[in-house]
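Note sheet for the following structure.
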Amino acid sequence: VRLLFSIFANQYVNYKMKTALKYSIILLAFTSSFFAQNSGEVIYKFRSNGIEMTDRPALILTYSENIVKLKNQTNLNPNSEETQYINYNEDKTYQSALLKDGSRVTTAETFSNYNVPELTSEYETILGYNCRKATTVIRSNKIEIWFTTETGIKGTPQINIGPTLGLVLKIVRNGNFEIYADKIEPKPPAISEVSFSPGTGELVDLPTYRQKITEANYTTVRIFNDEKINFGDTIINPPDDLENITYRYSKGTVILKKVRLPENMSAHMVFAELTERSNGDAYDRTGSCFIIPASKRVSFLDALKKDIDVLPKYTGKNNRIYQGITTGKDYDVPIELLRFITPFGIGSYNSQVTVKGLNWEDSVTYKQDISELLGTLQGKVWIGVFIGCYDKGGHKISLSLKFHPDEIDQQNVPQKKYWIQPIVNTLNLMEASGQEYGTVFEKDTLAVTINIPAGITNLKLRYISTGHGGWGGGDEFNRKMNEIFVDNKLLYKYIPWRDDCGMYREYNPASGNFPNGISSSDYSRSGWCPGSTAVPVEIRLHDITAGQHTFGIYIPLGAPEGTSFSSWNVSAVLVGEISE
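Start counting the sequence shown at 42; every next residue gets the next number (this note's numbering).
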């Protein structure tokens with residue numbers, strides 16, 4: 042009996058020890074599993090059309106204390122350091138960015154504002170986890186989402202795609218772009234702790250956040266802000282040549298400012314943005330944004346400060362004298378950046394003219410790519426705006442230049458050198474001071490001789506042309522061929538014409554209406570519409586060698602009728618690159 046009891050007792054002790062050890066192992070495994078489920082890290086990579094995107098840094102998702110932090114291994118944007126969060130304690134997502142000026146901006150969004158994915162019956166194993174497929178559509182993009190609920194970790198590599206599903210291990214957009222989990226690593230909370238402070242910095246709505254992030258990637262130079270251009274004011278200018286001071290000339294129809302533009306910007310695109318509204322003038326007026334070259338003995342700035350007669354004269358075969366319309370040895374014509382035509386009374390006349398079905402715009406913004414002229418848009422320059430009005434109230438304008446990099450990271454981008462030579466500008470910027478209209482084409486080809494230095498490549502001609510003469514027989518409403526010659530050989534010909542002017546009706550409250558149901562602003566015109574820009578023509582000059590060449594421009598100018606006459610505003614600039 043004793044022997045049997047002893048054997049039974051030993052077996053019972055062994056059984057209890059084994060059972061305790063077994064449950065210790067189970068408890069340890071459960072503890073480790075629970076520990077891993079509350080914190081960890083997921084590394085995501087990218088594929089396009091099945092090919093690994095090796096140039097794109099991995100995305101790291103860190104999960105701790107019910108909060109997800111998303112950050113790239115390498116900062117994609119040197120101008121802003123951005124981090125995204127998913128806060129499951131609040132059912133919100135956050136995006137926060139430290140901008141290059143040292144300020145921080147943050148935006149928040151609730152889960153309920155995101156698309157709710159539709160679950161499917163498809164399953165797939167990813168990294169050993171059973172995943173279910175869900176689908177949604179975002180901005181016409183078909184999105185496939187593969188997620189699992191087996192890890193205990195939550196999160197998604199794109200905060201607006203399936204944040205409530207579980208852990209998203211793969212997202213496929215339109216069947217050809219993938220974000221996929223490459224590795225899941227459980228980590229202790231002390232290592233994977235998420236630092237989250239949405240109260241830091243300015244809390245803004247999503248559109249404002251996007252605006253600030255985008256603006257951090259390019260350089261904006263604000264030239265004019267709500268400045269008046271009109272006719273007839275008594276003008277008293279500050280002392281000469283001060284920077285960032287607005288000067289007014291030619292009875293108020295020209296404003297001018299000396300500004301300092303960023304340098305070494307060759308790997309950039311440049312856009313001019315000019316906003317205009319009527320301050321009393323009801324008519325469509327020719328406008329021009331320009332730069333004044335000042336490297337030669339005489340400049341257009343001298344005429345603005347002193348008198349139009351300081352400019353070199355061009356005598357046409359019609360025996361008229363034209364002041365400063367062609368480049369010469371001692372003078373360069375202004376370089377036109379942007380040609381625009383103001384609409385009929387936008388802003389000022391909105392409340393005075395009501396038409397059922399039409400909601401007038403308060404202002405018009407002319408935006409144009411002027412990257413071809415980048416070589417002259419660097420360092421200290423004189424920039425001006427002209428509007429040919431005869432109204433005391435005139436117009437209000439604002440002007441900015443925006444330099445957008447070709448690549449966000451500009452550290453090792455080689456810089457190009459440019460050669461820019463203006464050759465012709467018949468637009469009478471000093472109209473109010475007596476500068477002659479562009480009628481030089483009446484009996485002659487406008488010709489100018491230019492010396493092209495050696496080592497110039499990719500040479501082209503930037504040409505802007507608009508016809509004017511506002512009556513039935515005037516060139517404003519009649520198609521006229523423009524012919525451009527080099528050394529008496531026809532280089533290029535075309536008819537500047539716009540037949541889309543009806544698109545700008547809501548910018549033209551003071552436009553006259555005719556019995557046939559057409560508004561004046563709707564009529565097609567010679568290269569312009571009321572409320573639009575004039576689009577430059579780019580003409581490649583492949584066979585032009587170094588040395589002197591004569592450029593000629595011919596337009597069959599319409600004959601005058603009584604006091605009415607036609608004119609053509611033409612500007613031409615040679616643009617090339619200087620080879621090393």
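A virtual CB, placed ideally from N, CA and C, is assigned to each residue, including glycine.
- Annotation for R251: the continuous alpha helix (DSSP H) segment containing it runs L247 to E256.
- Bounds of the alpha helix (DSSP H) holding K346 are F341 to K346.
- With contacts defined by Cβ atoms closer than 8 Å, A308 and E448 form a contacting pair.
- For the set N610, I254, T205 and E163, the Cα lying nearest the Cα of E131 is the one of T205.
- Secondary structure remark: continuous beta strand (DSSP E) runs of at least 3 residues inside the region 539–584, in chain order: 578–581.
- Taking C-alpha positions only, N107 is separated from N128 by approximately 7 Å.
- DSSP links V405 through a beta bridge to E317.
- Proximity to S608 across Q136, Q364 and G508 peaks at G508, based on C-alpha coordinates.
- Per DSSP, reduced to three states, the secondary structure at V481 is helical.
- Counting the other CB atoms within 10 Å of its CB gives Q462 a total of 16 or more, which places it among the buried residues.
- Under the DSSP definition of a beta bridge, A138 partners with E123 and V146.
- Secondary structure at A488: strand, using DSSP grouped into helix, strand and coil.
- The region 353–364 and the region 295–314 do not touch, with fewer than three beta-carbon pairs separated by less than 8 Å.
- Beyond the five residues adjoining it in sequence on each side, V83 comes within less than 6 Å, by CB distance, of L102, A222 and I225 in the same chain, given in chain order.
- The region 389–401 and the region 276–284 do not touch, with fewer than 3 CB-CB distances between them shorter than 8 Å.
- Secondary structure of N215 (DSSP, three-state): coil.
- Residue burial is scored here from C-beta neighbours: M544 has fewer than 16 other C-beta atoms within 10 angstroms and is therefore classed as exposed.
- For G510, same chain residues with a beta-carbon under 7 Å away, outside a window of 5 residues either side, are D516, E517, G599, S605, F606, S607 and S608 in chain order.
- Contact annotation, I464 with I491: C-beta distance approximately 6 Å; criterion of less than 8 Å satisfied.
- The residue from N466, Y324 and R214 with its alpha-carbon nearest to that of S181 is R214.
- Of all alpha-carbon atoms in A335, I186 and T261, the one lying nearest the alpha-carbon of G216 is that of I186.
- Fewer than three beta-carbon pairs drawn from the region 330–337 and the region 428–437 are found closer than 8 Å, and the two stretches are therefore not classed as touching.
- Comparing alpha-carbon positions, the option among N549, M471 and T486 lying closest to N271 turns out to be M471.
- With a cutoff of 8 Å on beta-carbon distance, L442 and V311 are scored as near each other.
- The C-beta separation of G435 from G572 comes to about 17 Å, leaving the pair out of contact by the 8 Å criterion.
- Under the 10 Å beta carbon count, R263 is surrounded by fewer than 16 other beta carbons and is classified as exposed.
- Nearest C-alpha to S552 among N391, T574 and I376: N391.
- C-alpha of H445 to C-alpha of G479: approximately 35 Å in a straight line.
- Here R301 is near G420, since their CB atoms are less than 8 Å apart.
- Excluding its 5 nearest sequence neighbours in each direction, G603 has no C-beta neighbour in its own chain below 7 Å.
- For K421, the three-state secondary structure derived from DSSP is strand.
- Per DSSP, reduced to three states, the secondary structure at D281 is coil, with no helix or strand assignment.
- Secondary structure note for D267: its beta strand (DSSP E) is the uninterrupted segment T260 to I270.
- When Cβ pairs closer than 8 Å are counted between the two stretches, the region 568–588 is seen to touch the region 533–544, the count reaching three or more.
- Between the region 574–585 and the region 480–490 there are fewer than three inter-stretch CB-CB distances shorter than 8 Å, so the stretches are not counted as touching.
- Our two residues, N557 and V394, have alpha carbons roughly 19 Å apart in a direct line.
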